[in-house]
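Chemist:
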Amino acid sequence: MQPYSCVKKQKLKKMNDKIVKEHQFGHPISKIWNAITLEKEISTWFILADFKAEQGYKYTFKHEAEDQCTTINGEILKVNPTTELVYTWVVEGTDIVTTVSWKLEENESGTFLILEHSGISNFPGESAVAMFNSFSGGWDRCITDLDKHLTAINV
63 MQPYSCVKKQ
73 KLKKMNDKIV
83 KEHQFGHPIS
93 KIWNAITLEK
103 EISTWFILAD
113 FKAEQGYKYT
123 FKHEAEDQCT
133 TINGEILKVN
143 PTTELVYTWV
153 VEGTDIVTTV
163 SWKLEENESG
173 TFLILEHSGI
183 SNFPGESAVA
193 MFNSFSGGWD
203 RCITDLDKHL
213 TAINV
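Per this note's numbering, residue 63 is the first one in the sequence shown, and the count goes up by one each step.
#1: Taking only the alpha-carbon atoms, compute the straight-line gap between PHE123 and ILE138 and give it to the nearest angstrom.
#2: DSSP three-state call for PHE194: helix, strand or coil?
#3: Report the start-end ranges of each beta strand (DSSP E) in the stretch 121-208 that is 3 residues or longer and not cut off at the edges.
#4: Count the other CB atoms, across all protein chains shown, that sit within 10 Å of the CB of SER89; report buried if there are 16 or more and exposed otherwise.
#5: Return the CA-CA distance between HIS297 and ILE109, expressed in angstroms with no decimal places.
#6: Going by CA-CA distance only, name the one from ILE205, GLY136 and SER183 that's closest to LEU175.
#7: Near SER163, what residues of its chain come up, given a Cβ to Cβ distance below 6 Å and the 5 sequence neighbours on each side ignored?
#8: Counting Cβ pairs closer than 8 Å, one from the stretch 184-201 and one from the stretch 91-102, do we hit at least three?
#9: Going by DSSP, what residue range makes up the beta strand (DSSP E) through LYS80?
#10: Assuming LYS165 and GLU188 make a contact with CB atoms under 8 Å, what is their CB distance in whole Å?
#11: Rounded C-beta distance between THR61 and ILE182? I'm assuming under 8 Å.
#12: Under the assumption that GLU170 contacts ILE91 (Cβ atoms under 8 Å), give the Cβ distance between them as a whole number of angstroms.
#13: If you check the beta carbons only, do ILE81 and TRP201 fall under 8 Å apart?
#14: Please report how far the alpha carbon of TRP107 lies from the alpha carbon of HIS85, in whole angstroms.
#15: Could you give the residue range of the alpha helix (DSSP H) that holds ALA97?
Here it is, written out as structure tokens:
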């Protein structure tokens with residue numbers, strides 16, 4: 063039998079490996095899909111993107127604000143038009159591969175999003191906790207910014 067502290071650490075690691083964000087948008091699924099897959103739209107609500115929703119495409123997201131310079135690279139793993147987009151996510155300067163998944167479901171109120179970011183426990187030691195917290199807050203802001211973008215273009 064494992065000591066309590068080992069069991070607790072394993073559960074904590076497992077729990078912190080995946081961020082899950084759910085959001086109900088009052089917009090049609092096609093609008094959400096375009097906003098998360100078209101380079102021009104991603105660059106409007108998120109950061110500068112070199113992106114194509116094509117399996118195998120190697121994309122880049124680049125943020126060049128005065129206070130930060132972040133580049134994310136990855137590869138598109140899966141595309142099911144209008145319902146699912148999955149890609150790897152590698153923060154430049156690291157070799158840690160994580161995975162981001164967008165799942166969309168149309169409903170009577172618009173579109174329900176389930177966004178998952180997994181593999182974060184691959185970061186070493188305490189940096190995994192810091193990255194988990196950073197990504198979690200970042201995805202909250204992204205969903206808010208995406209909703210504002212969609213509302214603005216539908217006015």
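Note that beta-carbon positions come from the ideal geometry of N, C-alpha and C, so glycine has one too. Here the structure is a predicted model, which means the values were calculated and not measured.
Modeler: If we stick to the structure as given:
#1: One alpha carbon belongs to PHE123, the other to ILE138, and they sit about 13 Å apart.
#2: In the structure shown, PHE194 sits in a helix (DSSP, three-state: H, G or I).
#3: Segments of the beta strand (DSSP E) lying fully in the stretch 121-208: 132-142, 146-153, 160-169 and 172-180.
#4: Per the sequence shown, residue 89 should be read as His rather than Ser. For HIS89, the number of other beta carbons within 10 angstroms of its own is at least 16, and it is reported as buried.
#5: The first residue shown for the chain is 63 and the last is 217, placing residue 297 beyond what the model contains.
#6: Measuring C-alpha to C-alpha distances from LEU175 to each of ILE205, GLY136 and SER183 identifies ILE205 as the nearest.
#7: Cβ neighbours of SER163 beyond the five flanking positions: VAL148 and GLU178.
#8: Taking 8 Å as the limit for Cβ pairs, the verdict is that the stretch 91-102 does not touch the stretch 184-201.
#9: 80-87 is the extent of the beta strand (DSSP E) around LYS80.
#10: So it is not a contact: roughly 30 Å between Cβ atoms.
#11: Lying before the first or after the last residue shown, residue 61 is absent from the chain, which here runs from 63 to 217.
#12: Not really, about 12 Å apart at Cβ, beyond 8 Å.
#13: The answer is yes: Cβ separation under 8 Å.
#14: Cα to Cα, the separation comes out at about 16 Å.
#15: For ALA97, the enclosing alpha helix (DSSP H) begins and ends at 91-99.
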